[in-house]
Amino acid sequence: MMGFSPPSPHGILGSLLLPLLLFPVDATLECRPPGPVVPKPRHVDGYARLAAATDKLTNTLESALAGDIQAGWPVENTSFSIGLVIHDQEDKAVPVWEYHHLAPGNINGTQHISRDSQYLIGSISKVISDYILLRSGLDLDESIATFLPELADENSLIAWENITLRHLANQVAGIPPNYGFSEYYYLKDYFESLGFPHIGDDAYASCGIIALNGGCTREQFLKGMVESYPIAQPAERPVYSNIAFTLLMYAVQERTGKRYSELLETYVSGPLGLTNTIVSPGDDDKAVIPPVDNTWGSNYGDNAPGGGLVSSLSDLSIFVRGILDRSIFDSDTAVREWLKPTSSTGSLNSLVGTPWEIYRTQELTPDHPHVVDIYAKTGAAYGYQSRMAVIDEYGAGIVVLTAGSALAISPIYDAILTTLVPALDEIAREQAVDRGYAGMFVDGSTWSSSFASKNPNEDVDFNITVVQDKDSLVLQGIERNGTDILASLQEIWSVTIGAFLAVTPLKARIFPVDIRNEVLVPMSDDTAKRVIREDWRVEWDLASSGGTDLPGAGLSAGDCLGWALADWVYYGSEPLDRIVFVLDAESGEVIGLEIPYLRSGVLLPVKTL
């Protein structure tokens, strides 16, 4: 390549890459593509490393309950059911690990706590209501005023005609959290003692005020919506709202003619086989009823979609498993879309979805630091706290149901995360090696040349080496007839992407991208083999090529724009960042590797590293 001058770039390419010039790309694993670092762990039930982690967690919880260590909540009046759900667990209703505790103070409800015991789940109800909305087939971009014309009032302070079903489902409608419930009428005298002016009862809303009047009718509620103040403009920022879900279910009811309890049975409980997920009140004989003030047995009325459902560990395990194995919708794409964030908060670590509360952290895998996304929803009712979380990177979910002190939920949930997630991460990395993703691959003459891109008239020696470092799998070497192709790729970078982006590629990391195709492959001995072709993509570690004495140097290095470089350079219609692992469809073991842009054909593994 000495003396080579690349041609002038095409104008449109330069304009497309121009934004990248403004933000240097960081050269750390923090800028990896989102999703699994290695394939999700499989069949972890009974896996020694997970068993050790669950035993440790069980012993820790029992030490807290026994008073040997500080629990952080009053154990005598707080019951709970918790479980770890895995995408391929044998029984959808049975977590791979679960733990139950019935507090000594419990005298009402069940005395035999199990995965089928019922709890109020509070705002986890919102996840289920959003699921109903998504299953209903309504156009999410229609205005809520189309379904509820009572809202289309010219005197309304809230521009309801500009608020869509999607805004409501995503918590970005900018409307109040409650109607009536936010009034603490029973503290009226206390407010006055603190210097507030005296007001008469006519200053309060005509319905929904605890200790003053009854629940709202549909007509009263919609009239109250017209009289309410907006909190933000639609789609401006997330604003938590319970009443958004009442409005959503009103819309679905208008279109379907079914009450909320009927919608729950039609779209959720019936199809998924949930026997304990119902509108409050639940079954007293199966209920976990805490010995503290609680709302078990309450009729939530039209507020049920936002926080009035009853459920159990077994039912929520089925629901979470359906998300993890992509069966809860009719397509994988619908599940992926549901799990995407839709707005940001003022925190670097928190995003909002439909209606997911998404937390991003690097604290869960200290031995292999990287961002882990947790798609969770917290719920609360008087006497009850709950949390349901999906950690899709590991094909795992967590369910925590508590009855008693509100102090219990966070310590229990955090203990589960910090004990079990590192174990799942280690299992995934071990399985990647054990299944043959790391190793040496050479030319495989047993494969038919019709299976993969290969020059049948060319006799070529290939030697590909894949290793696993502390962060990910890495393409350590690609040799073709003795030529170092990795070095060639770095040089190609310098005259293509490097012409616009002042960074240097250092290490070729590879990541799975969840694109898999099962095919029946003819072999050279006239047999056929059922295999899975699994796409991976190369993501280079990048280092800045320049330096500066200007103030703020490196400030934008954390703006990870490496995602914009995927699939940028081709050779003969094949992208230079795509490789394909070939898996045995029965065992899931790696039986070959193909590099299409090199026309390698399928290379055979000869050594596990």
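Residue numbers (mature numbering (1 follows the signal peptide of the UniProt record, and there is no 0)): -27 to -1, 1 to 582. Even for Gly, the Cβ is constructed at its ideal location relative to N, Cα and C.
Does DSSP put residue i in a helix, in a strand, or in coil?
i        : result
THR219   : helix
PHE194   : helix
GLY78    : coil
PRO339   : coil
ASN436   : strand
ALA24    : helix
LYS161   : helix
THR469   : coil
LYS350   : strand
TRP70    : strand
ASP174   : helix
ALA369   : strand
TYR332   : strand
PRO(-21) : The predicted position of PRO(-21) is uncertain, since its pLDDT is 46 and thus under 50; a value taken from the coordinates is nonetheless stated next. In the structure shown, PRO(-21) sits in coil (DSSP, three-state: anything other than H, G, I, E or B).
SER573   : strand
THR315   : coil
TYR202   : coil
PRO(-4)  : Residue confidence for PRO(-4) is low, a pLDDT of 41 falling below 50, so the modelled location carries little weight and cannot support an answer.
LEU30    : helix
THR51    : coil
Roughly how many angstroms separate the alpha carbons of residue i and residue j, rounded to a whole number?
i       : j      : result
LEU(-6) : ILE552 : Because the pLDDT of LEU(-6) is 38, which lies under 50, any placement of that residue in the model is unreliable, and the number read from its coordinates should be weighed accordingly. Using only the alpha carbons, I get a separation of about 30 Å.
ALA184  : SER36  : 42 Å
SER284  : MET222 : 19 Å
ILE246  : LEU237 : The amino acid at residue 246 is misidentified as Ile; the sequence shows Gly. One C-alpha to the other measures close to 12 Å.
ALA537  : ILE364 : 25 Å
GLY78   : ILE216 : 34 Å
ASP(-2) : ARG510 : Low per-residue confidence applies at ASP(-2): pLDDT is 42, beneath 50, and the placement is therefore not dependable, though the value from the model is reported in the following sentence. Each residue's Cα considered, the two are about 18 Å apart.
LEU282  : LYS502 : 49 Å
LEU321  : ALA208 : 19 Å
SER287  : TRP541 : 46 Å
VAL67   : ARG15  : 16 Å
THR456  : THR469 : 20 Å
ASP275  : MET198 : 14 Å
SER129  : LEU107 : 28 Å
GLY450  : GLY412 : 11 Å
ALA516  : LEU2   : 12 Å
VAL406  : ASP340 : 17 Å
PHE218  : SER102 : 7 Å
ASP434  : ARG453 : 6 Å
THR190  : ARG232 : 14 Å
TRP46   : PHE554 : 49 Å
LEU479  : CYS533 : 16 Å
Throw me the rounded Cβ distance for the residue i and residue j pair, which I believe falls under 8 Å.
i      : j      : result
LEU576 : VAL415 : 6 Å
LEU446 : ILE483 : 5 Å
GLY280 : ALA354 : 6 Å
LEU38  : HIS74  : 6 Å
PHE154 : GLY188 : With a Cβ gap of about 10 Å, PHE154 and GLY188 do not count as contacting.
ARG489 : ILE505 : 5 Å
PRO211 : SER316 : 5 Å
In terms of alpha-carbon separation, which member of the options lies closest to residue i?
i      : options                        : result
GLY19  : GLY527, PRO9, LEU57, ALA405    : LEU57
ILE80  : TRP536, PRO68, ASN128, ASP257  : ASP257
LEU312 : VAL293, PRO207, ASN322, GLU512 : VAL293
ILE55  : GLY274, SER87, PRO170, VAL406  : SER87
SER98  : ALA526, VAL252, HIS85, ALA25   : VAL252
ASP487 : GLU3, CYS4, GLY8, LEU2         : GLY8
ALA178 : GLU165, PHE194, TYR348         : PHE194
ILE262 : TYR543, TYR357, LEU337, PRO203 : TYR357
GLN206 : ALA224, SER316, ILE148         : ILE148
ILE385 : PHE53, PRO6, THR338            : PHE53
LEU462 : ALA25, THR327, LEU549, THR438  : LEU549
LEU141 : SER96, GLU336, LEU220          : LEU220
ALA401 : ASP387, ALA381, THR338         : THR338
SER359 : ASP112, HIS343, PRO12, GLY377  : GLY377
Provide the residue span of the beta strand (DSSP E) that contains residue i, from first to last.
i      : result
ASN490 : 476 to 495
GLY280 : Not the beta strand (DSSP E): GLY280 falls in the alpha helix (DSSP H), residues 277 to 280.
LYS502 : 501 to 517
ILE564 : 563 to 567
LEU247 : That residue, LEU247, is in no beta strand (DSSP E); it is neither H nor E in DSSP.
With a threshold of 9 Å between beta carbons, is residue i in contact with chain D?
i      : result
ALA539 : Of the chains in the structure shown, none is chain D; there is only one protein chain.
In the DSSP assignment, the alpha helix (DSSP H) including residue i goes from what residue to what residue?
i      : result
LEU107 : 97 to 109
TYR386 : 382 to 407
LEU138 : 138 to 142
PHE154 : Element bounds for PHE154: n/a, residue is neither H nor E.
ARG232 : Taken as a continuous stretch (DSSP letters only), ARG232 belongs to no alpha helix (DSSP H), as it is neither H nor E.
ALA307 : 305 to 311
THR118 : Correcting the residue type first, residue 118 is Ala in the shown sequence and not Thr. Note, ALA118: alpha helix (DSSP H), 117 to 120.
ASP288 : 286 to 297
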